[in-house]
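Under our numbering, residues 8 to 246 are what the sequence shown spells out, in order.
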Amino acid sequence: MERLQKVIANSGYCSRRKAEELILEGKVFVNGSVIRELGTKVSHDDEIEVDGLSIKKDHNYEYYLLYKPRGVVTTTNDDKGRKTVVDLIDTTARIYPVGRLDYDTTGVLLLTNDGVFANGLMHPANEIDKVYIAKVEGILSGYDVKRLKSGIMIDGRKTAKCHVKVRSVDKKKNTCIVELVIHEGRNHQVKKMIEAVGKKVIKLKRERFGIFDLSGLKASEYRRLTAKEVHVVYSMIKK
Ligand code: URA
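Below you can see the structure in the form of structure tokens.
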């Protein structure tokens, strides 16, 4: 038997202090009944629910941050036999990527076997920022930037407002480097946005996804997320 707040915290859902708050707020149910007492002990067989979500005890969840290189597909299995992002990670767990980066896109990619974590990060309501750096053929005008920022039609639907900044311009080569911060995750979104203003992305890198960036990693390298990072994500997606 273990204390309820400890079991919740150990599941990776939130910190022990936060678990205590949730119990006091009446958001924690054990076997269908609300529990408001902090000292309550639970056993392995008890069903625990927090805010309507079932807590997995002693789970085998794994969380990775991969610096995705170019030339790798973001799936668990490729029918053309190409290398996948999962092949780059040394684990026997059935992990999968959180969202998608194109074959030729590099940068931050999370992988996990925790569905609540993955779905929470991808759910549009949580508006997780993604920072992309695009090398563009052609030079974006001030007007292009304004259109991109305020939302532009792609696939018959306007994109949400976003941040766009031209970081540098190479007049000789007729290229520029653009930073875009978007929270949507539509298919080939950055490439399509740039195409919508008549230019072309020639290189694309995701520098940041929520709180995660590429610090300390080279292309193809990965690391495990810390328990603290997992807690932070849970606190961001449980609004
Ligand atoms: N937008 C794209 O066009 N491609 C990606 O891989 C990610 C965002």
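Where is the CB? At the ideal position from N, CA and C, for every residue including glycine. Model, not experiment: these values are computed from the prediction.
Pull the bridge partners of residue i from the DSSP assignment, please.
| i | result |
| --- | --- |
| M160 | K165 |
| D53 | Looking at the DSSP assignment, D53 forms no beta bridge with any residue, so it has no partner. |
| S40 | V37 |
| L60 | V57 |
| I189 | K137 |
| E9 | V49 |
| C21 | DSSP lists no partner for C21. |
| S175 | I184 |
| L211 | T112 and A141 |
| H170 | V188 |
Is the beta carbon of residue i sitting closer than 8 Å to the one on residue j?
| i | j | result |
| --- | --- | --- |
| F219 | V105 | no |
| V80 | L95 | no |
| L224 | R231 | no |
| D136 | V188 | yes |
| I102 | T113 | no |
| I146 | A203 | no |
Label residue i either buried or exposed according to how many other C-beta atoms from any shown protein chain fall within 10 Å of its C-beta, with 16 as the threshold for buried.
| i | result |
| --- | --- |
| R213 | buried |
| T150 | Strictly speaking, residue 150 in this sequence is Tyr, with Thr absent from that position. The residue in question, Y150, is exposed, as its Cβ has fewer than 16 Cβ neighbours within 10 Å. |
| L99 | The sequence as given places Thr at residue 99; Leu does not occur at that position. Under this definition T99 is an exposed residue. |
| A167 | exposed |
| A132 | exposed |
| Y110 | exposed |
| D177 | exposed |
| L11 | buried |
| K198 | buried |
TODO: Could you pull out every unbroken alpha helix (DSSP H) segment of at least 4 residues lying fully inside the region 67-144, listed in chain order?
DONE: 122-129
Task: Any heavy atom of ligand 1 within less than 5 Å of residue CB: hits in chain order - done: L108, D109, T112, H195, Q196, V197 and K198
TODO: Would you mind listing the alpha helix (DSSP H) stretches within the region 194-242 that are 4+ residues and don't spill past its ends, in chain order?
DONE: 196-203
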